[in-house]
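In my numbering, the protein residues as written are 202 to 325.
Cβ coordinates follow ideal geometry from the N, Cα and C atoms, glycine included.
Right, one structure below, let's go through it.
And the structure:
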């Protein structure tokens, strides 16, 4: 699963039986320290989702919008989904290896919840 580079791709959400839920979601991949540190800071919106990897927790200090946060294990299975308003510190999840961020409310629309597995398709 593991080592990505900064770039773009798509996030595919699947059920336990492998059924794809909805259309693939545009994805920004933030794998370098610099990209992970910047994350969504200073943005007013996001088209799709941002994957922070490796990461086990996030904060929303300096953010302008509330966000959904999904904690993923090494197999890209969702451990938990939380909505965080600006100015909060999210506690790291022990088994989390990656974190997905999106605008608040987006993950529910995509069918992301604990136990759902996602697939990351990288462009180019």
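Apart from the five residues just before and just after residue i, which ones in its own chain have a Cβ nearer than 7 Å to its Cβ?
i	result
residue 202	At residue 202, the pLDDT of 47 sits below 50, so the modelled position is not reliable; the number obtained from the coordinates is stated separately. Once the five neighbours on either side are set aside, the close Cβ partners of residue 202 are 275, 276 and 277.
residue 211	225, 226, 227, 228 and 322
residue 213	221, 225, 319, 320 and 322
residue 237	231, 253 and 256
Excluding the 5 residues flanking residue i on each side, which residues of the same chain have their C-beta closer than 8 Å to its C-beta?
i	result
residue 205	230, 232, 252, 254, 321 and 323
residue 300	252, 253, 254, 256, 257, 258, 259, 270, 271, 272 and 273
Quick one, which of the options has its alpha-carbon nearest residue i's?
i	options	result
residue 315	293, 241, 279 and 325	279
residue 239	304, 294 and 264	264
residue 250	308, 312, 317 and 318	308
residue 302	266, 325, 218 and 216	266
residue 297	312, 310 and 281	281
Within 10 Å of its beta-carbon, does residue i have 16 or more other beta-carbons around it, so buried, or fewer, so exposed?
i	result
residue 234	exposed
residue 261	buried
residue 241	buried
residue 220	exposed
residue 292	exposed
residue 295	exposed
To which residues of the same chain is residue i closer than 6 Å at the C-beta, ignoring the five residues directly before and after it?
i	result
residue 312	214 and 222
(message) Does the contact criterion of 3 or more C-beta pairs under 8 Å hold for the stretch 239–250 versus the stretch 277–293?
(response) no
(message) Report the start-end ranges of each beta strand (DSSP E) in the stretch 237–321 that is 3 residues or longer and not cut off at the edges.
(response) 250–253, 268–273, 279–285 and 299–304
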